[in-house]
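All remarks here apply to the structure that follows.
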Amino acid sequence: MWRKHRLRFDEVTRFFESIPRLKQRAILTIAYDTGLCVSEAVHLKVADIDNRRMMICVNHGKFRKDNYVILSPRLPEILRFLLAERHRGTGFFQAAFQGGPSGAMPWARQP
3 MWRKHRLRFD EVTRFFESIP RLKQRAILTI AYDTGLCVSE AVHLKVADID NRRMMICVNH
63 GKFRKDNYVI LSPRLPEILR FLLAERHRGT GFFQAAFQGG PSGAMPWARQ P
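If you're matching positions, the sequence shown starts at 3 in our numbering and goes up one per residue.
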(Lines of atoms letter the chains of each structure in order from A and count residues from 1; the text may use other names and numbers.)
(Lines give C-alpha, C1' and ligand atoms only; values in the text may rest on other atoms or scores of the structure.)
Protein backbone atom coordinates (compact mmCIF):
# COMPACT_ATOMS: atom_id res chain seq x y z
CA MET A 1 0.00 0.00 0.00
CA TRP A 2 1.23 3.49 -0.85
CA ARG A 3 1.95 5.81 2.08
CA LYS A 4 2.31 9.55 2.05
CA HIS A 5 5.76 10.78 2.86
CA ARG A 6 6.33 14.25 4.25
CA LEU A 7 9.60 15.81 3.32
CA ARG A 8 11.81 17.09 6.10
CA PHE A 9 13.08 20.68 5.99
CA ASP A 10 16.55 19.59 4.84
CA GLU A 11 15.03 17.49 2.01
CA VAL A 12 12.97 20.45 0.79
CA THR A 13 16.02 22.71 1.02
CA ARG A 14 18.14 20.25 -0.98
CA PHE A 15 15.40 20.00 -3.61
CA PHE A 16 15.25 23.78 -4.10
CA GLU A 17 19.04 24.11 -4.05
CA SER A 18 19.30 21.48 -6.79
CA ILE A 19 17.40 23.74 -9.22
CA PRO A 20 20.17 25.63 -11.04
CA ARG A 21 18.24 28.65 -12.37
CA LEU A 22 16.87 31.30 -10.01
CA LYS A 23 13.77 31.91 -12.10
CA GLN A 24 12.64 28.28 -11.98
CA ARG A 25 13.57 28.08 -8.31
CA ALA A 26 11.44 31.14 -7.58
CA ILE A 27 8.43 29.73 -9.48
CA LEU A 28 8.59 26.46 -7.55
CA THR A 29 9.15 28.24 -4.23
CA ILE A 30 6.06 30.38 -4.81
CA ALA A 31 4.03 27.32 -5.84
CA TYR A 32 5.25 25.32 -2.81
CA ASP A 33 4.67 28.11 -0.28
CA THR A 34 1.19 29.06 -1.53
CA GLY A 35 -0.17 25.75 -2.80
CA LEU A 36 -0.59 27.17 -6.29
CA CYS A 37 -0.18 25.08 -9.41
CA VAL A 38 2.99 25.90 -11.32
CA SER A 39 0.88 27.30 -14.18
CA GLU A 40 -0.85 29.66 -11.72
CA ALA A 41 2.48 30.78 -10.23
CA VAL A 42 3.94 31.45 -13.68
CA HIS A 43 1.03 33.73 -14.60
CA LEU A 44 1.23 35.90 -11.46
CA LYS A 45 1.19 39.62 -12.13
CA VAL A 46 2.40 42.46 -9.93
CA ALA A 47 -1.20 43.67 -9.55
CA ASP A 48 -2.19 40.26 -8.10
CA ILE A 49 -0.12 40.85 -4.94
CA ASP A 50 -1.76 42.60 -1.99
CA ASN A 51 1.10 43.24 0.46
CA ARG A 52 -1.12 45.11 2.90
CA ARG A 53 -3.44 42.11 3.40
CA MET A 54 -0.67 39.55 2.70
CA MET A 55 -2.75 37.91 -0.03
CA ILE A 56 -2.31 36.86 -3.66
CA CYS A 57 -5.28 37.00 -6.02
CA VAL A 58 -5.16 34.11 -8.48
CA ASN A 59 -7.18 35.16 -11.53
CA HIS A 60 -8.83 32.33 -13.45
CA GLY A 61 -7.23 29.66 -11.30
CA LYS A 62 -8.59 26.17 -10.75
CA PHE A 63 -12.00 25.72 -12.34
CA ARG A 64 -11.54 29.20 -13.90
CA LYS A 65 -12.38 30.87 -10.60
CA ASP A 66 -10.63 33.77 -8.93
CA ASN A 67 -9.07 32.63 -5.65
CA TYR A 68 -7.12 34.26 -2.85
CA VAL A 69 -4.17 32.58 -1.16
CA ILE A 70 -2.18 33.71 1.86
CA LEU A 71 1.26 35.17 1.26
CA SER A 72 3.82 33.34 3.41
CA PRO A 73 6.22 35.50 5.46
CA ARG A 74 9.20 34.84 3.15
CA LEU A 75 7.41 35.45 -0.17
CA PRO A 76 7.43 39.28 -0.11
CA GLU A 77 11.24 39.16 -0.13
CA ILE A 78 11.24 36.75 -3.10
CA LEU A 79 8.70 38.88 -4.96
CA ARG A 80 10.73 42.07 -4.33
CA PHE A 81 13.79 40.32 -5.74
CA LEU A 82 11.84 39.20 -8.82
CA LEU A 83 10.38 42.67 -9.26
CA ALA A 84 13.88 44.16 -9.30
CA GLU A 85 15.07 41.53 -11.81
CA ARG A 86 12.08 41.56 -14.16
CA HIS A 87 12.00 43.30 -17.48
CA ARG A 88 9.11 45.02 -19.23
CA GLY A 89 5.64 43.61 -18.74
CA THR A 90 3.18 43.14 -15.95
CA GLY A 91 4.14 39.62 -14.87
CA PHE A 92 7.01 38.37 -12.76
CA PHE A 93 8.01 35.59 -15.15
CA GLN A 94 7.34 36.99 -18.63
CA ALA A 95 10.98 37.61 -19.51
CA ALA A 96 13.86 35.26 -18.81
CA PHE A 97 16.79 36.39 -16.70
CA GLN A 98 19.65 37.64 -18.81
CA GLY A 99 22.59 35.80 -17.31
CA GLY A 100 22.78 36.40 -13.59
CA PRO A 101 23.86 34.13 -10.78
CA SER A 102 22.60 30.61 -10.58
CA GLY A 103 23.88 29.91 -7.09
CA ALA A 104 22.21 30.29 -3.73
CA MET A 105 18.91 32.09 -3.41
CA PRO A 106 19.54 35.54 -1.95
CA TRP A 107 16.38 35.24 0.14
CA ALA A 108 17.07 31.77 1.56
CA ARG A 109 17.38 31.57 5.32
CA GLN A 110 17.68 28.80 7.82
CA PRO A 111 14.82 28.51 10.36
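By construction, the Cβ of each residue, glycine as well, lies at the ideal position given by its N, Cα and C atoms. Predicted model only: the values in this text are computed from it and were never measured.
Between residue i and residue j, what straight-line distance do the alpha-carbon atoms span, to the nearest angstrom?
| i | j | result |
| --- | --- | --- |
| Leu30 | Cys39 | 9 Å |
| Met57 | Lys25 | 21 Å |
| Asp52 | Glu19 | 28 Å |
| Lys47 | Arg16 | 28 Å |
| Ile21 | Leu81 | 18 Å |
| Arg27 | Leu84 | 11 Å |
| Ser41 | Arg54 | 25 Å |
| Ala86 | Glu79 | 11 Å |
| Arg66 | Asp50 | 16 Å |
| Leu73 | Gly93 | 17 Å |
| Asp12 | Ile32 | 18 Å |
| Arg23 | Arg5 | 32 Å |
Check the C-beta distance from residue i over to residue j and give it rounded, since I have them as a contact under 8 Å.
| i | j | result |
| --- | --- | --- |
| Thr36 | Val14 | Contact doesn't hold; Cβ gap of about 15 Å is too wide. |
May I ask you to list the residues that DSSP assigns as paired with residue i?
| i | result |
| --- | --- |
| Gly93 | Lys47 |
| Asn53 | Answer is none; Asn53 lacks a bridge partner. |
| Val60 | Asn69 |
Could you pull the start and end residues of the beta strand (DSSP E) that residue i belongs to?
| i | result |
| --- | --- |
| Ile21 | Segment: none, Ile21 is in no beta strand (DSSP E) and carries neither H nor E. |
| Asn69 | Asn69 to Ile72 |
Could you please give the first and the last residue of the uninterrupted alpha helix (DSSP H) stretch that includes residue i?
| i | result |
| --- | --- |
| Pro78 | Leu77 to Glu87 |
Leaving out the 5 sequence neighbours to the left and right, which residues in its chain are closer than 6 Å to residue i when beta-carbon positions are compared?
| i | result |
| --- | --- |
| Leu77 | Asp35 |
What residues in its chain sit with their C-beta under 7 Å from that of residue i, if we drop five residues either side in the sequence?
| i | result |
| --- | --- |
| Phe95 | Lys25, Ile29 and Val44 |
Tell me which same chain residues have a C-beta within less than 8 Å of the C-beta of residue i, skipping the five on either side of it?
| i | result |
| --- | --- |
| Leu9 | Phe17 |
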